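Enquirer: My questions all concern the structure below.
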Amino acid sequence: MELLWNLELGTWNFFLRMSSPFQQFKEQAEVLTHDLRHRDIVQTALRKYEVVRDKSRGAFQDYRTARQAAAETKWEAINHLDKYLDQLATNLEARGTKVHWATTGEQARDIIVGIIREKKARSIVKSKAMTSEEIHLNHALEHEGFEVVESDLGEFIVQLRKEAPYHIVFPAMHLTRGDIQELFNRELKSNSTDNPEELTMVARRVLRQKYIHADIGFTGANFAIAETGMVSITENEGNARLTAALPKTMITLLGIEKVLPRLEDLALFLPLLATSGTGQALTGYNTMYGGPRQPGESDGPEEWHVVLLDNRRTELLADPEQRDALHCIRCGACLNVCPIFRNVGGHTYGTTYSGPIGSVITPHLRGLQDWKHLSFSSSLCGACSETCPVKIDLAHHLLQNRRNASAQKPSFFWKTSFKMFSFIFNRPGLYKLIAPFGRLGQKLHPLVKGTKLDPAYSWTKTREAPKIAPQTFKEYWRNRK
Ligand code: SF4
125 MELLWNLELG TWNFFLRMSS PFQQFKEQAE VLTHDLRHRD IVQTALRKYE
175 VVRDKSRGAF QDYRTARQAA AETKWEAINH LDKYLDQLAT NLEARGTKVH
225 WATTGEQARD IIVGIIREKK ARSIVKSKAM TSEEIHLNHA LEHEGFEVVE
275 SDLGEFIVQL RKEAPYHIVF PAMHLTRGDI QELFNRELKS NSTDNPEELT
325 MVARRVLRQK YIHADIGFTG ANFAIAETGM VSITENEGNA RLTAALPKTM
375 ITLLGIEKVL PRLEDLALFL PLLATSGTGQ ALTGYNTMYG GPRQPGESDG
425 PEEWHVVLLD NRRTELLADP EQRDALHCIR CGACLNVCPI FRNVGGHTYG
475 TTYSGPIGSV ITPHLRGLQD WKHLSFSSSL CGACSETCPV KIDLAHHLLQ
525 NRRNASAQKP SFFWKTSFKM FSFIFNRPGL YKLIAPFGRL GQKLHPLVKG
575 TKLDPAYSWT KTREAPKIAP QTFKEYWRNR K
């Protein structure tokens with residue numbers, strides 16, 4: 125156990141080194157903010173994104189009205205979630221889909237493993253499934269001895285590296301073409317150059333074989349339409365289509381917040397998601413899945429299971445202040461504009477959802493006390509709120525999380541520091557007595573500055589401590605001529 129200065133919270137705190145999510149975040153952030161290569165890769169990718177995003181925003185007749193309409197539609201969906209989920213499930217079942225409800229991640233894993241076991245399946249090909257990262261599905265499936273292959277190119281790359289996705293939309297954005305060439309040559313015994321087309325063909329050759337032999341196709345979803353009982357998946361590689369079309373059994377894992385009331389809502393949400401997510405006017409493939417293969421149809425899975433996942437989303441729904449965090453369409457735009465994300469990178473967060481939206485929802489999904497530090501990993505510049513296509517006020521929610529964290533379980537040092545602060549600042553006589561010690565302390569500070577004896581070490585190792593004024597206002601007033 126080690127005594128550490130908790131910079132974000134401004135208190136002394138005890139932490140178990142290496143074991144707390146806060147400590148890991150702090151250590152990883154320090155490494156990556158000094159890694160100029162990493163920062164250059166990420167900043168270059170995001171600069172290109174900004175150019176195409178702005179162009180696609182310009183294609184909307186009125187982008188501001190589109191955002192407002194999207195926010196209102198999501199408000200309607202989330203505030204009548206019980207009604208729309210019922211409608212969705214009824215319509216899915218009407219076309220032969222088996223609907224499962226999972227309250228927790230563990231239940232969802234058990235349901236999915238149960239289906240795979242029942243089918244006596246061995247190999248699973250996956251696509252578009254950030255929600256499965258949330259419930260650590262790959263780990264559970266591999267533990268059961270199943271072969272799991274991610275088919276999205278970026279996810280395939282990070283799976284080969286045994287890493288989690290770096291970003292909700294760009295899972296391998298932290299890698300260069302050279303990194304991927306080296307990885308493919310090592311892991312797939314390919315002999316390719318760093319030409320993107322060549323690298324894609326290497327992955328394609330491997331993945332095509334996996335599709336052909338897969339017993340189960342596993343997907344996530346972008347939206348679920350209550351009115352028609354359909355699931356909408358958008359992608360750029362066609363891999364989700366193959367995942368859904370070739371294996372005999374398809375399983376879709378869906379967070380309950382993905383529901384939209386009407387089919388026509390997609391006319392707004394598909395271009396909005398593409399614009400905010402990748403800067404495209406529309407994503408390459410937009411497919412609606414309406415059920416397993418129907419009589420007379422020539423392709424599609426024989427069986428389709430949809431697992432509707434709660435995993436503490438209803439707890440967030442019960443919070444009137446932050447309920448609109450469930451409006452999120454996982455476009456990743458708030459990550460792209462966040463100065464913290466751009467410097468510390470996606471893996472540093474240690475969560476499935478990183479960046480501002482991750483910092484808002486992770487304390488709800490995984491517990492406030494362990495993840496409260498994420499609310500402090502923000503400059504509160506408001507760029508995330510400004511860019512969000514469904515108008516979630518993320519910066520405000522980060523402040524609310526800070527308030528909730530300190531109200532729920534303030535640390536001993538946090539409480540004592542503020543009690544001392546209040547005690548001194550409410551007693552002018554005492555303040556007058558103590559103020560000169562502050563100035564003396566500042567004079568002596570250079571003796572310990574930059575060493576571990578410095579109580580403000582976390583701050584002063586990279587920044588100057590603020591100067592205490594040479595005299596108080598009262599002294600100045602008294603001494604003025
Ligand atoms: S919070 Fe908004 S900007 Fe961030 S991922 Fe969700 S929808 Fe996109």
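Mapping the sequence shown onto the numbering used here, position 76 (from 1) lands on 200, and the numbers just tick up by one.
Glycine included, every Cβ here is placed at the ideal spot set by N, Cα and C.
For clarity, every value in this text was computed on a predicted model and none was experimentally measured.
1. Which same chain residues, not among the five before or five after residue 134, have their C-beta less than 6 angstroms away from its C-beta?
2. Can you tell which of 495, 541 and 472 has the C-alpha that lies nearest to the C-alpha of residue 156?
3. Name the DSSP bridge partner or partners of residue 245?
4. Using a threshold of 7 angstroms, is the CB atom of residue 181 nearer than that to any non-hydrogen atom of ligand 1?
5. Can you give me the start and stop residues for the alpha helix (DSSP H) that residue 391 sits inside?
6. For residue 552, verify whether its CB is less than 7 angstroms away from any heavy atom of ligand 1.
7. Shortest alpha-carbon distance to residue 199 belongs to which of 227, 351 and 382?
8. Are there three or more Cβ pairs, one per stretch, closer than 8 angstroms when the region 297-304 is compared with the region 204-212?
9. Could you check the C-alpha separation between residue 441 and residue 488 for me, to the nearest Å?
10. Across the region 371-388 and the region 335-344, are there enough close Cβ pairs to call them in contact, namely three or more that are closer than 8 angstroms?
11. On the DSSP bridge assignment, give the partners of residue 608 in chain order.
12. Which of the three DSSP states, helix, strand or coil, is assigned to residue 342?
13. At 4 residues or longer, and completely inside the region 165-224: list those alpha helix (DSSP H) runs for me, N to C.
14. Are the beta-carbon atoms of residue 236 and residue 375 separated by less than 8 angstroms?
15. Would you say residue 69 and residue 400 are within 8 angstroms of each other, going by their C-beta atoms?
16. Answer with buried or exposed for residue 263, where buried requires no fewer than 16 other C-beta atoms within 10 angstroms of its C-beta.
17. By Cβ distance, which residues of its chain are closer than 6 angstroms to residue 148, with the 5 residues on each side in sequence left out?
18. Taking the alpha carbon of residue 331 as the reference point, which residue from 346, 361 and 227 has its own alpha carbon closest?
19. Distance, Cα to Cα, residue 433 vs residue 377?
20. Alpha helix (DSSP H) containing residue 261: first to last residue?
21. Taking 8 angstroms as the cut-off, decide whether the C-beta atoms of residue 384 and residue 327 are in contact.
22. What three-state label does DSSP hand residue 384 in the structure shown?
23. Kindly indicate the opening and closing residues of the beta strand (DSSP E) around residue 347.
24. Which residue marks the beginning of the beta strand (DSSP E) containing residue 374, and which one marks its end?
25. Secondary structure at residue 427, three-state DSSP: helix, strand or coil?
26. Per DSSP, what kind of secondary structure is residue 140 in: helix, strand or coil?
27. Where do the ends of the alpha helix (DSSP H) carrying residue 361 lie?
28. Pick out the complete beta strand (DSSP E) segments inside the region 483-520, 3 residues or longer, and give them in chain order.
29. Could you tell me whether the region 447-462 touches the region 238-249, using the rule of 3 or more Cβ pairs below 8 angstroms?
30. Within the continuous beta strand (DSSP E) that includes residue 461, where are the two ends?
31. Under the three-state reduction of DSSP, which class applies to residue 257: helix, strand or coil?
32. Is the beta carbon of residue 518 within less than 7 angstroms of some heavy atom of ligand 1?
33. Considering only their Cβ atoms, is the gap separating residue 397 from residue 346 smaller than 8 angstroms?
34. In terms of residues, what are the limits of the alpha helix (DSSP H) holding residue 272?
35. So, residue 83 versus residue 405, is the Cβ gap smaller than 8 angstroms?
36. Taking residue 327 as part of the alpha helix (DSSP H), name the residues at either end of that continuous run.
Expert: According to the structure data:
1. Looking up residue 134 in the sequence shown gives position 10. Confidence is the limiting factor: at residue 134 the pLDDT is only 40, short of 50, which leaves the residue's position unreliable and the question unanswerable from this model.
2. Walking along the sequence shown from the start, residue 156 turns up at place 32. Nearest option by C-alpha distance: 472.
3. Here residue 245 refers to the residue found at position 121 of the sequence shown. BP columns for residue 245 are empty, so no partner.
4. By one-based count along the sequence shown, residue 181 stands at place 57. Every heavy atom of ligand 1 is 7 angstroms or more from the Cβ of residue 181, so no.
5. Counted from its first residue, the sequence shown places residue 391 at position 267. That run of the alpha helix (DSSP H) goes 390-401.
6. On the sequence shown, residue 552 is found 428 positions in, with the first residue counted as 1. Within the chosen limit of 7 angstroms, ligand 1 does not reach the beta carbon of residue 552 with any heavy atom.
7. For the purposes of this step, residue 199 is identified with residue 75 of the sequence shown, where counting begins at 1. For residue 199, the nearest C-alpha among the options comes from 382.
8. By the criterion of at least three beta-carbon pairs nearer than 8 angstroms, the region 297-304 is not in contact with the region 204-212.
9. On the sequence shown, position 317 is the one that residue 441 refers to. On the sequence shown, position 364 is the one that residue 488 refers to. When rounded, the distance between both Cα atoms is 10 angstroms.
10. The region 371-388 is in contact with the region 335-344.
11. Limits of the chain in this structure are 125 at one end and 605 at the other, which puts residue 608 out of reach.
12. To locate residue 342, count along the sequence shown from 1; it is residue 218. Residue state for residue 342 is assigned as strand, using DSSP reduced to three classes.
13. With a minimum length of 4 residues, the continuous alpha helix (DSSP H) runs that stay inside the region 165-224 are 187-203 and 205-218.
14. Residue numbering aside, residue 236 sits at position 112 when the sequence shown is read from its first letter. Residue numbering aside, residue 375 sits at position 251 when the sequence shown is read from its first letter. Cβ atoms of residue 236 and residue 375: closer than 8 angstroms.
15. With the chain covering 125 to 605 only, the question about residue 69 has no answer from this structure.
16. In the sequence shown, residue 263 corresponds to position 139, counting from 1. That one is exposed.
17. The residue given as residue 148 occupies position 24 in the sequence shown. Same-chain partners within the cutoff: 474.
18. Taking the first residue of the sequence shown as 1, we reach residue 331 at position 207. For residue 331, the closest alpha carbon among the candidates 346, 361 and 227 is that of 361.
19. Along the sequence shown, one-based indexing puts residue 433 at 309. Along the sequence shown, one-based indexing puts residue 377 at 253. C-alpha separation (whole angstroms): 7 angstroms.
20. To locate residue 261, count along the sequence shown from 1; it is residue 137. Counting along the chain, the alpha helix (DSSP H) containing residue 261 begins and ends at 261-267.
21. Counting from 1 along the sequence shown, the entry for residue 384 is found at position 260. Counting from 1 along the sequence shown, the entry for residue 327 is found at position 203. No, the Cβ-Cβ distance between residue 384 and residue 327 is not below 8 angstroms.
22. Sequence index remark: in the sequence shown, residue 384 carries index 260 (1-based). DSSP places residue 384 in strand when its eight states are reduced to three.
23. Position 223 of the sequence shown, counted from the start, is the residue given in the question as residue 347. Counting along the chain, the beta strand (DSSP E) containing residue 347 begins and ends at 347-349.
24. For the purposes of this step, residue 374 is identified with residue 250 of the sequence shown, where counting begins at 1. Start and end: 373-379.
25. By 1-based counting over the sequence shown, the position of residue 427 is 303. It is a strand residue.
26. Along the sequence shown, one-based indexing puts residue 140 at 16. Because the pLDDT at residue 140 is just 41, under 50, the model does not fix this residue reliably, and the value given afterwards should be weighed accordingly. Of the three classes helix, strand and coil, the one that applies to residue 140 here is coil, per DSSP.
27. One-based indexing of the sequence shown puts residue 361 at position 237. That residue, residue 361, is in no alpha helix (DSSP H); it is neither H nor E in DSSP.
28. Taken in chain order, the complete beta strand (DSSP E) segments of 3 or more residues contained in the region 483-520 number zero; there are none.
29. Because the criterion of three Cβ pairs below 8 angstroms is not met, the region 447-462 and the region 238-249 do not touch.
30. Residue mapping note: residue 461 aligns to position 337 of the sequence shown, counting from 1. Looking at the DSSP string, residue 461 is not in any beta strand (DSSP E); the run it does join, the alpha helix (DSSP H), is 457-461.
31. In the sequence shown, counting from the first residue as 1, residue 257 sits at position 133. Residue state, collapsed to three classes: helix.
32. Taking the first residue of the sequence shown as 1, we reach residue 518 at position 394. Yes; taking the cut-off as 7 angstroms, the Cβ of residue 518 has a heavy atom of ligand 1 nearer than that.
33. By one-based count along the sequence shown, residue 346 stands at place 222. By one-based count along the sequence shown, residue 397 stands at place 273. Contact flag set, yes.
34. In the sequence shown, counting from the first residue as 1, residue 272 sits at position 148. Segment 271-274 is the beta strand (DSSP E) holding residue 272; no alpha helix (DSSP H) there.
35. The first residue shown for the chain is 125 and the last is 605, placing residue 83 beyond what the model contains.
36. In the sequence shown, residue 327 corresponds to position 203, counting from 1. It spans 320-337 - the alpha helix (DSSP H) in which residue 327 sits, taken as one unbroken run.
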